[in-house]
Amino acid sequence: MRDEYLLAALRMGAGADPVPGRVSAAARAAFALRLPGGVAADEVAVAVPPGARSADLPRQGADGSAGPRLGAAEAAPDAPGFHRFTAAGLTIDVEASVVEGRLEVAGQISPWPGPDARVEVRTPHVGKVRSPSGSGHFAVSGLPPGWVSVVCHRPGLPPVFTRWVHVRP
1 MRDEYLLAAL
11 RMGAGADPVP
21 GRVSAAARAA
31 FALRLPGGVA
41 ADEVAVAVPP
51 GARSADLPRQ
61 GADGSAGPRL
71 GAAEAAPDAP
81 GFHRFTAAGL
91 TIDVEASVVE
101 GRLEVAGQIS
111 PWPGPDARVE
121 VRTPHVGKVR
131 SPSGSGHFAV
141 SGLPPGWVSV
151 VCHRPGLPPV
161 FTRWVHVRP
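Number 25 in UniProt numbering belongs to position 25 of the sequence shown; there are no gaps in the numbering.
The structure is reproduced here in structure tokens:
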């Protein structure tokens with residue numbers, strides 16, 4: 001088949017078969033999650049610090065079965081746990097867990113981003129904004145389990161955001 005015939009067939013098919021409404025709605029929702037002008041923080045491998053709630057959580061296997069316990073130097077993807085992100089001179093430590101069916105997120109921004117800084121903990125459905133303490137700590141509870149991202153808003157500077165982390169009960 002020649003390229004022009006294939007392109008013509010694709011054009012005809014695109015006009016006759018509209019995009020389903022749920023696909024368009026999902027695309028609009030995903031587009032709304034972006035953060036224009038923000039700086040994406042890279043995740044850094046780090047040992048779970050002593051005292052972190054996630055240090056002794058059981059790992060869940062892909063099939064839902066219980067796996068080995070999390071050690072100090074490992075983290076299970078898609079499991080509650082400790083994550084460290086860095087960008088633009090900031091380190092964002094995030095610990096997420098599900099308690100009684102609700103997501104709890106605690107963390108620290110270092111160095112302290114200043115008195116007018118705000119930390120936004122986002123899910124696809126709701127976001128909560130906190131002022132970090134003088135030591136950079138923040139906490140949010142009562143969120144729906146699932147995807148979560150943290151954004152540090154500093155006056156006069158672009159926001160720094162973490163990748164989306166999936167947290168399951």
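Idealized CB from N, CA, C, for every residue including glycine.
Because the structure is a prediction, the values reported are computed rather than measured.
Terminal residues of the alpha helix (DSSP H) in which residue i lies
| i | result |
| --- | --- |
| VAL23 | 21–32 |
Length of the line joining the Cα atoms of residue i and residue j
| i | j | result |
| --- | --- | --- |
| MET12 | PHE161 | 41 angstroms |
| ALA8 | VAL19 | 18 angstroms |
| GLY107 | GLY89 | 17 angstroms |
| LYS128 | VAL140 | 7 angstroms |
| ARG163 | TRP147 | 10 angstroms |
| VAL39 | ALA87 | 7 angstroms |
| GLU95 | HIS83 | 6 angstroms |
| SER110 | VAL165 | 20 angstroms |
| HIS153 | ALA29 | 22 angstroms |
| TRP112 | SER135 | 6 angstroms |
| GLU120 | PHE31 | 18 angstroms |
| VAL23 | ARG34 | 18 angstroms |
| PRO68 | GLY81 | Since pLDDT at PRO68 reaches only 35, below the 50 mark, its modelled position is unreliable, and no value is offered. |
| SER149 | VAL105 | 10 angstroms |
| VAL46 | ALA27 | 34 angstroms |
| HIS137 | GLU4 | 59 angstroms |
Among the options, the one whose alpha carbon lies nearest that of residue i
| i | options | result |
| --- | --- | --- |
| PRO36 | PRO159, VAL167, THR86 and ARG163 | PRO159 |
| THR123 | LEU103, ARG28 and GLU95 | LEU103 |
| VAL98 | LEU143, PHE138 and VAL119 | LEU143 |
| GLY114 | GLY81, PRO145, GLU100 and GLY156 | GLY156 |
| THR91 | LEU33, VAL151, GLY81 and HIS125 | VAL151 |
| VAL42 | TYR5, ASP3, PHE85 and GLY81 | According to the sequence as given, residue 42 is Asp; it is not Val. Closest by alpha carbon: PHE85. |
| GLU100 | PRO169, VAL121, ALA47 and VAL23 | PRO169 |
| HIS125 | VAL46, ALA47, PRO145 and ALA14 | PRO145 |
| VAL44 | ARG130, PRO132 and ASP93 | ASP93 |
Limits of the unbroken beta strand (DSSP E) element including residue i
| i | result |
| --- | --- |
| HIS137 | 137–143 |
| residue 211 | The structure shown does not extend to residue 211, since the chain is modelled only from 1 through 169, so no value can be given for it. |
| residue 170 | As shown, the chain starts at 1 and ends at 169. That puts residue 170 outside it, with no answer to give. |
Item to check | Segments of 3+ residues assigned as beta strand (DSSP E) that fall wholly inside the segment 103–140 | outcome: 118–122 and 127–130
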